[in-house]
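Below is one structure, written out as structure tokens; the observations come after it.
Protein chains in written order, with the numbering used here: chain F, 219 to 525; chain C, 77 to 616.
Listed below in structure tokens is the structure:
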């Protein structure tokens, strides 16, 4: 098992280099960012040249990449155009996004899995059909519609929440944005769990457990659920990365200064240092989340072993 | 137990993940009494006076600094602030005397040296200041900020400190209205703290204006508080201002309607239809010193050919400005009738008859003129614009539609969006434009000179189309040398008429500043730069 983890961690290295190189090249294709810094007028050539030199933009791309990677390993992710260190931006953005993601994941797990189990055990009953219909609606409505609608209803019309999150972004402020962010995945988790539970409830080992005379509660939680959760865990694991990077829409709607917002700003201002830095960290999060999922398989299903 | 060992390894992986992300946190400000909360955008450049060239950073500087002159928030007239007097006999050598009794909020006296040091800093190449060219009229600028190579001097030779309250300025040419430009932020004085510990200053700027910075969380919020000892006449009438960065102007607007925000100075285009119903008379729509035009690539021979001025005039007459400003912009823009802005007022050189028939919608005449001028080069053209900000797509499509209808040709004009502003500016600077392109101009100071010289003078900083006219340049030089203000304005208008006759750029519309505010505050106004006059706002 330890070997397996080390091997997986080593595999992260080439993926990391490949991903950063790709992103670096993609940001560079957008062209020279200095021109955008001077508003609707020409940067005077001398200042533009100095700015280019300061951000290392006067060198060929491969050299820029090597310097950048060299700096990354010393913990220096470069500087954004407004003079802020990218590490400083990360230090403010990531905690907020992590909190938002955790809230969203909590919703997915608590609501999604419970609904999934309930519907899976009561296939064909009204509660099952009802939940299926609701999830269908949630999946088909785009996130920004749900977001704007909830913001308008809860924030402006009924005044239950503040429509915009403050810069502190505490967990209670993030409840509604988290729910919006989680909504689509939540629907998927419900459906995945339902199918999985429905399928496994007819499995031999469940029948055996029931025949042994185990209490229903124990059959469901110990035998049925544990095996049924494998596809769900896979989904939630990969969703962690998607939620963190893909929260741009939700973050913009609710004024959350997280990773999505910083990435959006970075792309608009063509700040390669910001974009590459943030995406690099996101890539790492994605890889680690996947590793975690694989390890959790073994926890959930004793038949799976890693050597 | 096998399950437990597995769980342990899973926990290890979690630990690695957490170590990789790192943690931090920051506290947010609450709504203290007497404090105005206002929407803000993250300034793209470091917050230094000579490095700020857009409105968001400009808001802060306007609260934090007072320069020699200040533009009257209502009339736009340049009035003495720190300047006791600025004397000249030849429109080229100026002696500046500073009022006594001004200090920075850290107690340091504002002296002649505070200005000279600040200007030298702003002009010097090594400091990478985006607005360095503002000092370009001062003698010695070419030494501290050469076009190529290294600077050969440390300070501007045209600046001399005479005593604690006086300094002299020598310009490279006659420029009678130069003192009027001194209200621009780039000319603000700077305390020693700025030079001694630059990073600390940037983290918490110190100035001499009616507010001080209480706290600054970059990218999210800046809390400005009233400076009780402020010596000027325009003291803050509220306890302070919290500038809050919003990710989206729609969100800021929603926060305003929900009562969580006091002031939004950028009402999103999509909300213009509802704004009267939502805010009633707490919505403002006042002229600002911004004009939108269509420029042409004069480096492209096809647009430079003889007769093309007729085509350009024809295109101008094919645009139904009134309809577009009414429907797309909901009257937040006014059809342009000259190449300046209504905020200059008549005395300042604004003349709503100057463009005349060339700016009137007349499809028949437009069609005739375009044909007479030899037709559109290549039979079809594209209007290039950046699609990432503003609602440029909507109006460009409307302008094209208007032109196509007037010319009875469905394919005469199409839009050509460019993804980002930086890329758009790049293409312009690399002379990649093949047809007309969007050009917006926000004035730096309310002078007619600022609407003409930077845009149409040969090789000027914002002459993106590379238009050139000897007659125009000559008239501008004469106007700058003219010591009588009224005569200078007339000369500038003569120069503007050259722009008109050549139709160097098609004027589209004057842009208004718009703002909405909550019922918690009153006395909200926008100055001609479309920035709220924060110090006059009262909290009920």
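By construction, the Cβ of each residue, glycine as well, lies at the ideal position given by its N, Cα and C atoms.
Where does the unbroken beta strand (DSSP E) through residue i begin, and where does it stop?
i	result
residue 311 (chain C)	First-last for residue 311 (chain C): undefined, no H or E at that position.
residue 233 (chain C)	No beta strand (DSSP E) holds residue 233 (chain C); DSSP gives it neither H nor E.
residue 513 (chain C)	513 to 518
residue 418 (chain F)	Where residue 418 (chain F) is concerned, there is no enclosing beta strand (DSSP E), although the alpha helix (DSSP H) it sits in stretches over 393 to 418.
residue 509 (chain C)	Unbroken run through residue 509 (chain C): none, as it is neither H nor E.
residue 493 (chain C)	489 to 494
residue 439 (chain C)	Premise fails: residue 439 (chain C) lies in the alpha helix (DSSP H), 439 to 448, not in any beta strand (DSSP E).
residue 229 (chain F)	Counting along the chain, residue 229 (chain F) falls outside any beta strand (DSSP E), though it belongs to the alpha helix (DSSP H) covering 220 to 247.
residue 363 (chain C)	359 to 371
With a cut-off of 8 Å, does the C-beta of residue i fall near any C-beta of chain F?
i	result
residue 327 (chain C)	yes
residue 91 (chain C)	Any answer about residue 91 (chain C) is weak, because its pLDDT of 47 lies below 50 and its placement is not dependable; what the coordinates show is given next. It does not: the Cβ of residue 91 (chain C) has no partner Cβ on chain F nearer than 8 Å.
residue 104 (chain C)	Here the model assigns residue 104 (chain C) a pLDDT of 31, short of 50, so the residue's position is not dependable, and the following value carries that caveat. At least one chain F Cβ lies under 8 Å of residue 104 (chain C).
residue 230 (chain C)	no
residue 548 (chain C)	no
residue 512 (chain C)	no
residue 441 (chain C)	no
residue 592 (chain C)	no
residue 370 (chain C)	no
residue 293 (chain C)	yes
residue 98 (chain C)	Low confidence applies to residue 98 (chain C): its pLDDT is 35, below 50, so where it sits in the model is not reliable, and the reading given next is rough at best. Interface residue, yes.
residue 284 (chain C)	no
residue 279 (chain C)	no
residue 522 (chain C)	no
residue 505 (chain C)	yes
residue 603 (chain C)	no
residue 416 (chain C)	no
residue 107 (chain C)	Only weak support exists for where residue 107 (chain C) lies, its pLDDT of 44 falling under 50; the value from the coordinates is given anyway. Output row for residue 107 (chain C): interface = no.
residue 423 (chain C)	no
residue 299 (chain C)	no
residue 79 (chain C)	Legend: pLDDT at residue 79 (chain C) = 46, less than 50; position of this residue unreliable, no value from coordinates given.
How close, in whole Å, do the beta carbons of residue i and residue j come, if the pair is a contact with beta carbons under 8 Å?
i	j	result
residue 291 (chain C)	residue 557 (chain C)	Incorrect: roughly 48 Å between the Cβ atoms, too far for contact.
residue 207 (chain C)	residue 126 (chain C)	5 Å
residue 395 (chain F)	residue 331 (chain C)	Actually they do not touch by this definition, with Cβ atoms about 14 Å apart.
residue 367 (chain C)	residue 412 (chain C)	6 Å
residue 527 (chain C)	residue 415 (chain C)	6 Å
residue 123 (chain C)	residue 133 (chain C)	6 Å
residue 114 (chain C)	residue 318 (chain C)	7 Å
residue 322 (chain F)	residue 399 (chain F)	4 Å
Spell out whether any CB of chain C is found under 8 Å from the CB atom of residue i.
i	result
residue 473 (chain F)	yes
residue 382 (chain F)	yes
residue 248 (chain F)	yes
residue 282 (chain F)	no
residue 469 (chain F)	yes
residue 412 (chain F)	no
residue 491 (chain F)	no
residue 296 (chain F)	no
residue 228 (chain F)	no
residue 521 (chain F)	no
residue 278 (chain F)	no
Kindly indicate the opening and closing residues of the alpha helix (DSSP H) around residue i.
i	result
residue 452 (chain F)	443 to 463
residue 195 (chain C)	188 to 199
residue 145 (chain C)	Counting along the chain, residue 145 (chain C) falls outside any alpha helix (DSSP H), though it belongs to the beta strand (DSSP E) covering 145 to 147.
residue 155 (chain C)	From DSSP, residue 155 (chain C) is part of no alpha helix (DSSP H) but of the beta strand (DSSP E) over 154 to 156.
State the beta-bridge partners of residue i as determined by DSSP.
i	result
residue 242 (chain C)	C:173, C:239
residue 411 (chain C)	C:585
residue 431 (chain C)	Beta-bridge pairing links residue 431 (chain C) to no other residue.
residue 608 (chain C)	C:602
Subject >> Short-range partners of chain F found in the segment 198 to 212 of chain C, where Cβ spacing is below 8 Å >> reply: Within the segment 198 to 212 of chain C, contact with chain F at the beta-carbon level (separation under 8 Å) is assigned to 201, 202, 204, 205, 206, 208, 209.
Subject >> Interfacial residues, the segment 420 to 445 of chain F to chain C, with Cβ spacing under 9 Å >> reply: Within the segment 420 to 445 of chain F, not one residue has a Cβ closer than 9 Å to any Cβ of chain C.
Original post:
Just by C-beta distance, which residues in the segment 301 to 326 of chain C are closer than 9 Å to chain F?
Top reply: Of all residues in the segment 301 to 326 of chain C, those with a C-beta nearer than 9 Å to a C-beta of chain F are 320, 321, 322, 323, 324, 326, reading in chain order.
Subject >> Residues, ordered as in the chain, of the segment 470 to 500 of chain C that lie near chain F by beta-carbon distance below 9 Å >> reply: 495, 496, 497, 498, 499, 500
**OP:** Mind checking the segment 152 to 164 of chain C against chain F and listing, in chain order, the residues whose C-beta falls within less than 8 Å of any C-beta there?
**Re:** none
Subject >> Interfacial residues, the segment 333 to 367 of chain C to chain F, with Cβ spacing under 9 Å >> reply: Flagged, chain order: 333, 334, 335, 336, 337.
Original post:
Along the segment 245 to 264 of chain C, what residues have a CB closer than 8 Å to any CB found in chain F?
Top reply: none
Original post:
Quick one, which residues of the segment 214 to 242 of chain C are near chain F if we go by CB-CB under 8 Å, in chain order?
Top reply: 221, 222, 223, 224
Original post:
Between the segment 260 to 271 of chain F and chain C, which residues of the former have a C-beta closer than 8 Å to a C-beta of the latter?
Top reply: Taking a C-beta cut-off of 8 Å against chain C, the contacting residues of the segment 260 to 271 of chain F are 260, 261, 262, 263, 264, 265, 268, 269, listed in chain order.
**OP:** Check distances from the C-beta atoms of the segment 299 to 333 of chain F to those of chain C and list, in chain order, the residues that come in under 8 Å.
**Re:** 299, 300, 301, 302, 306, 307, 308, 309, 310, 312, 313, 316
Subject >> Members of the segment 551 to 577 of chain C near chain F, C-beta cut-off 7 Å >> reply: none
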